[in-house]
Structure formats: C-alpha cells, structure tokens
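In our numbering, the protein residues as written are 516 to 989.
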C-alpha cells in the first residue's frame, strides 16, 4: 500500500477512535447493546451478528468507545479489502483511489461513529466479493468456501445481504465464467452459507416468521401507488450518503459506459452488485420511503468501478472535490456547535444529546432491587438500561411499537412487578394508573440545548393489578 495513502487511512481511523470516546450513545446503539445482554439465535428487528460482536468487543470494558469499536474494526478491515480487491483487479493507482473514495464517502464517516448492523454487513459483503473474485477469476476453488463462509456471516448481519447472491448469479450467467455454476464446490459453498444462516431461520420458524414479515412490510409497500416524492427522497438520500460529487460521477460512469461495464468481465463483476441493489431499492422507493442507508452495500463495488473510470480518464479533480465536500459535511455533522446558523432539524447530532444527562440524574431514584425499572419505548428503555447507575434491566409494559422488549417482557409474567419505577413520557400515565394501585410523580427531568428539548417524567408505581392487553404495533 502506498505510504501516503496508508498514513491517510490510519489518521482517519485514529481520529474516529478519539471522537467516539466522547460521543454518547445513539438510542439505536443502546438498543443493539441490550441485545448483547440477551443473546439469542436472532432478533425481531435484525439477524444477531451485531449483538455477538458487541458482546465480544465489550468483554473487558463496556463504554461508548468499546461498543463503537465494532464499527471501527469492521470498516477498517473493509477498507483494506477494498484496496486489495482493486489492486488485484486493476492497479495500485485504482486501489489508492478506491480506498480514498471509500473512506471519504459520508456514510463511511458516519459508520465509524455509530454501531449498526450495517458495519458487519459491509465487512462480510466486501469479504464475499473479494473471495468470489479469487474463485471466479483466479480459479482458486478453496476461495469459494471462504466466500460461502463470509456470505453466511453477511446474512447473519442484515437481511439485505441476500441481494449480493442474485447479483453474482446474474454476473456468472452473463459471463464466460458460467461454467462455475456446474461445479459441486459452488453448491457446497452455498450450502455452507445456508448452514451459517440457519439459526436465524430456526428462530423465525419458532416465532411465526415475524422478523421476515416485519422487514418485508417495513421495506415494501403493500399498496403499490406510485409516489414521486419517495422516489425523489431516495435519489436525494443516495446523493447525500456518498456525497453529490461521487454519486453523480458513479451514476455517469456506471450507466454512461454501460456497454463496456456489461461486456468487460471485471467491470461487470463490479457493475451488477451496484445495479441490482440500487434498482431493488429504487423500485421500493416508487411506492414507499426507503431509508438512505439501506442500499449502502451497493457502493462497495461501485467505489472500485468509479475509481477505475476516474483513473482511466485521469479525472483526479473529481476525487479531490469529493474529498473536500465530504470533509466539510463531516465537520458540519460532528461539530454543529461551531456553526450556529444551522437549523435544529439539520443537526443529526441532536439525536445523541440529553439522554445521558437525564438518566444519570434519574439514577438516584433507582433504590434497591425491589422495584422494576420500566419505560415507554425501546429507545428510552435502551438508553435507561445503559445509562442508569448499575445498568438495571429495563422493561416496557405499556403500549409501544413492537420490539424485542415484547419478548423480554415474558420475564415479568412469572414475577410480576409489585413496585416499579417508570422513566419516560407522561402520556403513559393513564395506562400506569390501570396497572398499579398507586402512581406517584417523583420528578420531572428536563434537558434543553439549542438543538433539542427532552423531558422524562419519573413515577413510582406500587400495588400491581395486572398487565393490560398487549397493545404493541408491528
């Protein structure tokens, strides 16, 4: 690896490691951390690998830094694999450009500072692409099994990993490498991936396939009514997560050079994963909102494809412009305090503010082991579980969006909470009054800064009368 490029990569990693040590958890990060406290074969929202990795990386110390070390590790290894793949496919120059673009797209910078299932998805998607290349283009059969291994872990990361398989299948069928489809090793590798993923299938079978149903309903509209607004949001979101310069250049070179991208085997190997993922979610966006990060894996091969064309036409100014733009975007996201002109809704960091301060104060009301701590939704419950002193397990017994807390609530069925400390929104007071003989307001905690206002009402509940009928919504 070029020494200068290596220094840049190391600096980015070190800067993110330092930044992560001082950033409170995002509610979604806290939710995934609670999974690591309740290890299962799978979960309602996602497959289980993110929980296993958080558990592994917090064996010796549990703090924001160690939790996010999962993402830093996954993206750092992914960066190296992107570099290696580009170098082996093309040249050192293309590899250097690929690494720079991969590191300087905004979604990677955000990915370094927040732990989500996208981190292991990106790692094992990249690994599967890398090993598939070795097996297909270098005729190294053993790498098929490595691809099967990483492909299985890719599926254990996030369900969208499944999209890589049809992309590779289309590539094989359309290329001179289709003979691989007749190899027993190909199907053995696929079986290996399936075996690794089988615990998720077993868990879903036990739970009436609820996770699959949720994800399908979450991502696909039931009523196919064309919505130009959601399509526009999708395109704008993709331009945002990889920055407009890189996005426009990638689309231009992917589809402006589509004939060569589809007939040159190496380019086609990169083109199909990019295209199938983008068009799959583009179709979904015709009818329903698609979150910007859902197609993130498309840009792994897209980055290398773009780098090839930029090197071929000596368009280094695009790389420089993109890096400058991402740097500015990253500074705005991470240090909004330095830019008072930003409207509150544009400050993504606002999602991190307030919870730790309020919950550390609320910790003084958690007295002894007799009272169960309860909250009103999975975000608040997860943050309370993490930030309350002693990290007591938190439950949700009021109506809320369906989550893994609905399964964990079963722990209370055999041991109902005679006393409970509620920390959450006051809107749940009528439900608390139905479940407890006495509900007493203890405190109202408020947090306010220029970007967000938070309020937690604390009630001490006693004399449990019984649970209300389940009112959660999937």
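Glycine included, every Cβ here is placed at the ideal spot set by N, Cα and C.
Please classify residue 723: does DSSP put it in a helix, a strand, or coil? Residue 723 sits in coil when the DSSP states are folded into three classes, being neither helix nor strand.
Going by other Cβ atoms of all chains shown within 10 Å of its Cβ, with 16 needed for buried, is residue 850 buried or exposed? By the Cβ-count criterion, residue 850 is exposed, with fewer than 16 other Cβ atoms from all chains shown falling within 10 Å of its own Cβ.
According to the Cβ coordinates, are residue 932 and residue 971 closer than 7 Å? Between residue 932 and residue 971, the CB-CB gap reaches or exceeds 7 Å.
DSSP three-state label for residue 554, please. The three-state reading of DSSP puts residue 554 in coil, since its state is none of H, G, I, E or B.
Touch check for the stretch 642-659 and the stretch 872-882: three-plus C-beta pairs under 8 Å? Of all C-beta pairs linking the stretch 642-659 to the stretch 872-882, fewer than three are shorter than 8 Å, placing the two stretches out of contact.
Opening and closing residue of the alpha helix (DSSP H) in which residue 780 lies: Its alpha helix (DSSP H) spans residues 780-800.
Note down the Cα distance separating residue 749 from residue 886, rounded to an integer number of angstroms. It is roughly 46 Å from the alpha-carbon of residue 749 to the alpha-carbon of residue 886.
For the alpha helix (DSSP H) holding residue 620, just list the boundary residues, first then last. Premise fails: residue 620 is in no alpha helix (DSSP H) and is neither H nor E.
Alpha carbon to alpha carbon, how far is residue 713 from residue 669? Roughly 13 Å between the two C-alpha positions.
Measure from the alpha carbon of residue 572 to the alpha carbon of each residue in 954, 556, 584 and 702, then state which is nearest. Taking residue 572 as reference, the option from 954, 556, 584 and 702 with the minimal CA-CA separation is 584.
Is it buried or exposed, residue 525, if we count other Cβ atoms within 10 angstroms and call 16 or more buried? The residue in question, residue 525, is exposed, as its Cβ has fewer than 16 Cβ neighbours within 10 Å.
Closer than 6 Å by C-beta to residue 570: which residues in its own chain qualify, once you throw out the five before and the five after it? Chain order, please. If you ignore the 5 residues before and after residue 570, its C-beta comes within less than 6 Å of the C-beta of 551, all in its own chain and listed in chain order.
So for residue 748, helix, strand or coil by DSSP? The answer is helix: DSSP assigns residue 748 an H, G or I state.
Output needed for residue 919: all residues of its chain with C-beta closer than 6 Å, excluding positions within five of it in sequence on either side, in chain order. Contacts found: 558 and 559.
So what does residue 737 bridge to, in DSSP terms? Residue pairing of residue 737 in beta bridges, as defined by DSSP: absent, with no partner found.
For residue 785 versus residue 819, is the C-beta distance shorter than 7 Å? In this structure, residue 819 lies closer than 7 Å to residue 785 by Cβ.
Can residue 592 and residue 636 be called in contact, C-beta distance under 7 Å? For residue 592 and residue 636, no; Cβs fall outside 7 Å.
Which of the three DSSP states, helix, strand or coil, is assigned to residue 930? Secondary structure of residue 930 (DSSP, three-state): coil.
Mapping the DSSP letters down to three states, classify residue 961 as helix, strand or coil. Note: residue 961 maps to strand in three-state DSSP.
Which whole runs of the alpha helix (DSSP H) in the stretch 616-670 are 4 residues long or more, in chain order? Taken in chain order, the complete alpha helix (DSSP H) segments of 4 or more residues contained in the stretch 616-670 are 621-628 and 633-652.
When you compare the CB positions of residue 761 and residue 620, do they come within less than 7 Å of one another, or not? Taking 7 Å as the Cβ cut-off, residue 761 and residue 620 qualify as a contacting pair.
In angstroms, rounded to a whole number, what distance separates the CA positions of residue 904 and residue 889? Take the alpha-carbon of residue 904 and the one of residue 889: they are about 15 Å apart.
Could you tell me how far apart the beta carbons of residue 789 and residue 745 are, in whole angstroms, since I believe they sit closer than 8 Å? About 21 Å; that fails the 8 Å criterion.
Can you name the start and end residues of the beta strand (DSSP E) that residue 978 belongs to? First-last of the beta strand (DSSP E) with residue 978: 968-979.
Close beta carbons around residue 536, own chain, < 6 Å, minus the five adjacent residues each side: So the list reads 580, once near-sequence residues are dropped.
From which residue to which residue does the alpha helix (DSSP H) around residue 520 run? Following the DSSP letters along the chain, one finds residue 520 inside the alpha helix (DSSP H) bounded by residues 518-535.
Selected residue, minimal CA-CA separation from residue 806, among 755, 776, 703 and 941: Ranking the options by Cα distance to residue 806, first place goes to 755.
Would you mind stating whether residue 663 and residue 708 have Cβ atoms separated by less than 7 Å? The Cβ-Cβ distance between residue 663 and residue 708 falls below 7 Å.
Touching by the beta-carbon criterion (3+ pairs, under 8 Å), the stretch 908-918 and the stretch 956-975: With a cut-off of 8 Å, the stretch 956-975 and the stretch 908-918 do not count as touching, because too few Cβ pairs lie within range.
Cβ-based burial, residue 833 [other Cβ within 10 Å; buried from 16]: Using a 10 angstroms sphere on the CB of residue 833, the tally of other CB atoms reaches 16 or more, which defines it as buried.
Helix, strand or coil for residue 938? Go by DSSP, reduced to three states. If DSSP states are grouped into helix, strand and coil, residue 938 belongs with the strands.
On a CA-only basis, which of 926, 783, 854 and 866 is nearest residue 648? Give me that one, please. Nearest of 926, 783, 854 and 866 to residue 648, Cα basis: 783.
With which residues is residue 955 paired in a DSSP beta bridge? In the DSSP assignment, residue 955 forms a beta bridge with 975.
Any 3 or more C-beta pairs closer than 8 Å across the stretch 892-899 and the stretch 928-948: Yes: the two stretches touch, three or more of their Cβ pairs being nearer than 8 Å.
Between the stretch 767-776 and the stretch 820-832, can you find at least three pairs of beta-carbon atoms closer than 8 Å? With a cut-off of 8 Å, the stretch 767-776 and the stretch 820-832 count as touching, because enough Cβ pairs lie within range.
Selection from 960, 540, 703 and 982 that minimises the alpha carbon distance to residue 952: Of the residues 960, 540, 703 and 982, the one whose Cα lies closest to the Cα of residue 952 is 982.
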